[in-house]
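Heads up: the structure comes next, in structure tokens.
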Amino acid sequence: MIRKLLATGSVLAAMAAAPAAAADISACLITKTDTNPFFVKMKEGATAKAEELGIELKSFAGKVDGDHETQVAAIETCIADGAKGILLTASDTSSIVPAVEQARENGLLVIALDTPLSPIDAADATFATDNFLAGELIGKWAAGALGDKAADAKIGMLDLAISQPTVGVLRDQGFLQGFGIDLGDPNKWGDETDSRIVGNDVTQGNEEGGRRAMENLLAKDPMINVVYTINEPAAAGAYEALKAIGRENDVLIVSVDGGCPGVQNVKDGVIGATSQQYPLLMASLGIEAIKKWADDGSKPENTPGKDFFDTGVALVTDQPVDGVESIDTAKGTELCWG
Amino acid sequence: MSQTKDGTENFESAANRSDSVAEFEDHRRGVLGQVQHTLHANPSLVPLIVLIVAIAVFGLLLGSKFFSPFAMTLILQQVQIVGIVAAAQSLIILTAGIDLSVGAIMVFSSVIMGQFTFRYGIPAPVAVACGLAAGTMIGALNGWLVSRVKLPPFIVTLGMWQIVLATNFLYSANETIRSQEIEANAPFLQFFGTKFNIGGAVFTVGVIFMLVLILVLAYALRHTAWGRHVYAVGDDPEAAGLSGVNVHRTLMSVYMLSGLICAFAGWALIGRIGSVSPTSGQLANIESITAVVIGGISLFGGRGSILGSLFGALIVGVFTLGLRLLGADAQWTFLLIGLLIIAAVAADQWIRKVSA
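Protein sequences, first through last, are from chains A and B.
Just so we're aligned: 762 in the numbering used here is position 21 of the first sequence, and the numbers increase by one with no gaps anywhere.
Just so we're aligned: 136 in the numbering used here is position 134 of the second sequence, and the numbers increase by one with no gaps anywhere.
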């Protein structure tokens, strides 16, 4: 006990003596879960960068997506631990705000990764994919690939969840805008009146949900020929449903994520095109920002014209369409995660 | 107890008398009472009626869109996983237990089948056998903790659920094995997804498996000694033990069989979604309990028919698809299923009041 107190005392002394010494900087990474490959990759990126810069990194994760309490406890632990900054992908973007404020009051830099908080300025900075743009790219690509037939397309929308999380809404609305469909309220999906949309259904972002949702929409209209999917596992499930009725070759599936199995599916023709995002980059940039904050107290700046720092998105397809910039699956495989 | 065999006290003659000694006869039983009695004798009748009514109502509202071979067989395909898991859940609930680990066992078994094939290069049939064995073993562990260590089934399976799910994620590193790879290298894993036509309707092996499994279990529960023991243990384990039922062996057999069935569900899951995905089946425990409860099996054990849980699963499937085709918000499905659960238990209580 005494030794521990002494040790703590000496650490405090060292911190007071040399606040900029790299070895004293510690940072926290708090993700929604540690099972999703997206967050696994994020952790890899953060760990590698932290090692390079000599920062001590502690990782926390919720048990399941939506596990809010564990994330709050993790923030409290980080404050008590004397961390310099927190990288956070919040499960509950508005309820987490008081805990984030508490951390900021204690002098921690809080950076939201991938999922913006609500309001977005509750965090010091947000490093994320522009999900609306990600949707828009696949929307434009789908419209371009169909050409004249886009005017009488039959579109199935496979969304994330009924609670309409922001990420899902942005991708959905981006896709519709890119495809050339008038949006209703851009803050929610499902209120569009365009008759080309057969319907919306939810997938929970996995294969099982993707298959079920696709089947439900096919029961509504078996002649659906364009399918938007929230992510690649949902797209894989939708493909199985289409294969079951022998329509896998005449339906265009588009998706978002850029995970390695997803890119492979683009290569195999299961998915027409996918928008790739870069979780590893988000995390390593986040660690760099915490280092800078610890060194000279400067905060990261937003991408001009946006209220967050855009970590980029690229359209991955082997059938490029005029007017929509894209990379092929070889390049996509190089950059993929998970 | 000493038996006098000299015939001076002729007990048998009393037993063989044709005139009735005492009989419960309810003369006040009206139409409602008759209904109550019939339902008590056939516990799966209520869900069957609800199912038929639901199909009729949605059929009237939606016409041929719903009343088509496509939609009808689609419902079967969508409920096959929950139906198979519900069969396992029914067995446990009949013994007055509950199994929260069914979904975890299912997913973990499917992951073992997939990873053994692709990571270690084991032939697919052997890997499938390993997956089935793993499911049975987890079931056996559950059964042992419940029956020998005498822990409450809720606690045992609550713990096992977490343990198996965590093992599943650690072992698989949450990596999905893609459908295309399975199709090219180990199509045997997708065996349950094999399709065939019967009179224009498309069935899969998984659907047939679900139906056959439930029919076989229904027969076994009704007409074999083992089945009667399961009911007896669920109704009153002490009384069952005193009348010569080996309670431990019965419980072990039920939990092991349930684990095996969940592993089969895992195999069927690969057929259904094509790929091996460690994130599937997260809600299978709740969905299976829902099917069992709507199916009229008593959570207190010892009462109900396994056919009921098939009907329960189908009711959920019919409502889900029907409401989606009507264009209703998916929340309405959950709301109605919630109502059905409460109505089912209320009906169960009402039927129990019958003095039969």
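In this text, a Cβ means the ideal position worked out from N, Cα and C, and glycines have one as well.
Nearest-angstrom Cα distance between I179 of chain B and V278 of chain B?
Against the second sequence, residue 179 of chain B aligns to sequence position 177. Against the second sequence, residue 278 of chain B aligns to sequence position 276. Approximately 5 Å, taken between the alpha carbons.
Taking the CB atoms as reference points, tell me whether A265 of chain B and L134 of chain B lie closer together than 8 Å.
By 1-based counting over the second sequence, the position of residue 265 of chain B is 263. By 1-based counting over the second sequence, the position of residue 134 of chain B is 132. Contact annotation: A265 of chain B and L134 of chain B have beta-carbon atoms nearer than 8 Å.
For chain B, find out if any of its Cβ atoms is closer than 8 Å to the Cβ of Q1005 of chain A; answer yes or no.
The count along the first sequence starts at 1 and reaches residue 1005 of chain A at position 264. With a threshold of 8 Å between beta carbons, Q1005 of chain A makes contact with chain B.
Give me the chain B residues within the contact set of I903 of chain A, using Cβ-Cβ distance strictly less than 9 Å, ordered along the chain.
Position 162 of the first sequence, counted from the first residue, corresponds to residue 903 of chain A. Within chain B, the residues near I903 of chain A are D331, A332, Q333, F336.
Sequence-distant residues of its chain with Cβ nearer than 6 Å to I771 of chain A (five each side left out):
Translated into the one-based positions of the first sequence, residue 771 of chain A becomes position 30. Result list for I771 of chain A: F801, Q812, A815, L829, in chain order.
With a threshold of 16 other CB atoms inside 10 Å of the CB of S751 of chain A, please say whether the residue is buried or exposed.
As a working note, residue 751 of chain A is residue 10 in the first sequence. Residue placement at S751 of chain A cannot be trusted, given a pLDDT of 48 that sits under 50; what the coordinates show is reported in the next sentence. Burial check for S751 of chain A: the Cβ neighbour count within 10 Å stays below 16, so the residue is exposed.
Within its chain, find whatever has a CB closer than 6 Å to the CB of L342 of chain B; leave out the 5 residues flanking it on each side and keep chain order.
For the purposes of this step, residue 342 of chain B is taken as the residue at position 340 of the second sequence. Hits under 6 Å: I296.
Nearest by alpha-carbon distance to F110 of chain B: which of B:I344, B:V294, B:L271 is it?
Mapped onto the second sequence, residue 110 of chain B falls at position 108. If we check each option's Cα against that of F110 of chain B, B:L271 comes out closest.
Determine the contact status of S767 of chain A and D808 of chain A, defining contact as a CB-CB distance below 8 Å.
Residue mapping note: residue 767 of chain A aligns to position 26 of the first sequence, counting from 1. Residue mapping note: residue 808 of chain A aligns to position 67 of the first sequence, counting from 1. No, the Cβ-Cβ distance between S767 of chain A and D808 of chain A is not below 8 Å.
If we call anything under 8 Å between Cβ atoms a contact, is A979 of chain A one with F72 of chain B?
Along the first sequence, one-based indexing puts residue 979 of chain A at 238. Along the second sequence, one-based indexing puts residue 72 of chain B at 70. The answer is no: Cβ separation not under 8 Å.
P280 of chain B to E948 of chain A span [Cα, whole Å]
As a first step, residue 280 of chain B must be located in the second sequence, where it is residue number 278. As a first step, residue 948 of chain A must be located in the first sequence, where it is residue number 207. Rounded to the nearest whole angstrom, the C-alpha separation of P280 of chain B and E948 of chain A is 10 Å.
Distance cutoff 8 Å, beta carbons only. Does V995 of chain A sit that close to anything in chain B?
Position 254 of the first sequence holds residue 995 of chain A. Not one chain B Cβ lies under 8 Å of V995 of chain A.
Give the straight-line distance between the Cα atoms of S290 of chain B and E785 of chain A, rounded to the nearest whole angstrom.
As a position in the second sequence, residue 290 of chain B is number 288, starting the count at 1. As a position in the first sequence, residue 785 of chain A is number 44, starting the count at 1. Looking at the two C-alpha atoms, the distance is approximately 37 Å.
In chain order, which continuous runs of the beta strand (DSSP E) of length 3 or greater are located wholly inside the segment 782–857 of chain A?
Within the segment 782–857 of chain A, the complete beta strand (DSSP E) runs of at least 3 residues are 797–802, 826–829, 850–854.
For A884 of chain A, the nearest candidate out of A:T1044, A:Y969, A:G909 (CA to CA)
What you label residue 884 of chain A is simply residue 143 of the first sequence in a count that begins at 1. It is A:Y969 whose Cα lies nearest to the Cα of A884 of chain A.
So, with DSSP's three-state summary, where would you put Q284 of chain B?
Locating residue 284 of chain B in the second sequence gives position 282, where the first residue counts as 1. If DSSP states are grouped into helix, strand and coil, Q284 of chain B belongs with coil.
Give the straight-line distance between the Cα atoms of G1053 of chain A and T870 of chain A, rounded to the nearest whole angstrom.
As a working mapping, residue 1053 of chain A is identified with position 312 in the first sequence. As a working mapping, residue 870 of chain A is identified with position 129 in the first sequence. CA-to-CA, the gap between G1053 of chain A and T870 of chain A works out to about 6 Å.
For W1078 of chain A, name the three-state secondary structure that DSSP assigns.
Within the first sequence, residue 1078 of chain A is the residue found at index 337, counting from 1. Under the three-state reduction of DSSP output, W1078 of chain A falls in the strand class.
Just checking: is the beta-carbon of L327 of chain B within a distance shorter than 8 Å of some beta-carbon in chain A?
Working through the second sequence from its first residue, we reach residue 327 of chain B at position 325. Taking Cβ atoms only, chain A reaches closer than 8 Å to L327 of chain B, which makes this a yes.
Within-8 Å CB hit, T178 of chain B to chain D
This model lacks chain D altogether, as its protein chains are A and B.
Please name the residue in A:T834, A:V939, A:E817 whose C-alpha comes closest to that of N847 of chain A.
Taking the first residue of the first sequence as position 1, residue 847 of chain A is located at position 106. Out of A:T834, A:V939, A:E817, A:E817 has the C-alpha closest to the C-alpha of N847 of chain A.
Cβ pair G876 of chain A, G919 of chain A closer than 8 Å
Sequence index remark: in the first sequence, residue 876 of chain A carries index 135 (1-based). Sequence index remark: in the first sequence, residue 919 of chain A carries index 178 (1-based). Yes; because the gap between Cβ atoms is below 8 Å, this pair is in contact.
Grab me the residues of M258 of chain B's own chain with a C-beta within less than 7 Å of its C-beta, minus the 5 sequence neighbours each way, in chain order.
Walking along the second sequence from the start, residue 258 of chain B turns up at place 256. Result list for M258 of chain B: T138, G141, A142, G145, in chain order.
Among the candidates A:K825, A:F779, A:N777, whose CA atom is the shortest distance from the CA of I1028 of chain A?
The residue labelled residue 1028 of chain A in the question sits at position 287 within the first sequence. When C-alpha distances from I1028 of chain A are compared across A:K825, A:F779, A:N777, the shortest belongs to A:K825.
V997 of chain A versus N872 of chain A - alpha carbon distance
Taking the first residue of the first sequence as position 1, residue 997 of chain A is located at position 256. Taking the first residue of the first sequence as position 1, residue 872 of chain A is located at position 131. Those two C-alpha atoms are separated by around 9 Å.
Whose C-alpha, out of A:W882, A:K782, A:G946, is nearest the C-alpha of V1062 of chain A?
In the first sequence, residue 1062 of chain A corresponds to position 321, counting from 1. Ranking the options by Cα distance to V1062 of chain A, first place goes to A:W882.
Please list, in chain order, the residues of the segment 945–977 of chain A that have any C-beta partner in chain B closer than 7 Å.
Going along the segment 945–977 of chain A in chain order, one finds N947, E948, E949, R952, R953, E956, N957, A960, K961, P974, A977 with a Cβ nearer than 7 Å to chain B.
Residues that DSSP places opposite M115 of chain B in a beta bridge
In the second sequence, the residue the question calls residue 115 of chain B occupies position 113. Paired residues: none, contrary to the question.
Those runs of the beta strand (DSSP E) which lie wholly inside the segment 293–319 of chain B and span at least 3 residues:
The qualifying runs do not exist here; there are none.
Mark T196 of chain B as exposed unless 16 or more other C-beta atoms lie within 10 angstroms of its C-beta, in which case mark it buried.
Here residue 196 of chain B is taken as the residue at index 194 of the second sequence, counted from 1. T196 of chain B is exposed by the Cβ-count criterion.
Where are the alpha helix (DSSP H) runs, 4 residues long or more, that stay fully inside the segment 910–992 of chain A, in chain order?
You should have 948–961, 973–985.
Give the DSSP-derived three-state secondary structure of T169 of chain B in the structure shown.
Your numbering for residue 169 of chain B matches position 167 in the second sequence. Reduced to three states, the DSSP call for T169 of chain B is helix.
In chain A, what lies closer than 7 Å to I275 of chain B by C-beta?
For this step, residue 275 of chain B is matched to residue 273 along the second sequence. Simply E948, E949, R952, G978, E981.
Cutoff 6 Å; reference A976 of chain A; Cβ partners in own chain excluding five residues on either side:
In the first sequence, the residue the question calls residue 976 of chain A occupies position 235. Closer than 6 Å at the Cβ level, and outside the excluded window around A976 of chain A, lie T970, I994, S996, I1012.
If contact is defined by three or more beta carbon pairs under 8 Å, each pair taking one atom from either stretch, is the segment 70–86 of chain B in contact with the segment 243–251 of chain B?
Short answer: they don't touch.
Interface flag, K197 of chain B vs chain A, CB-CB below 8 Å
For the purposes of this step, residue 197 of chain B is taken as residue 195 along the second sequence, with counting starting at 1. So, interface residue.
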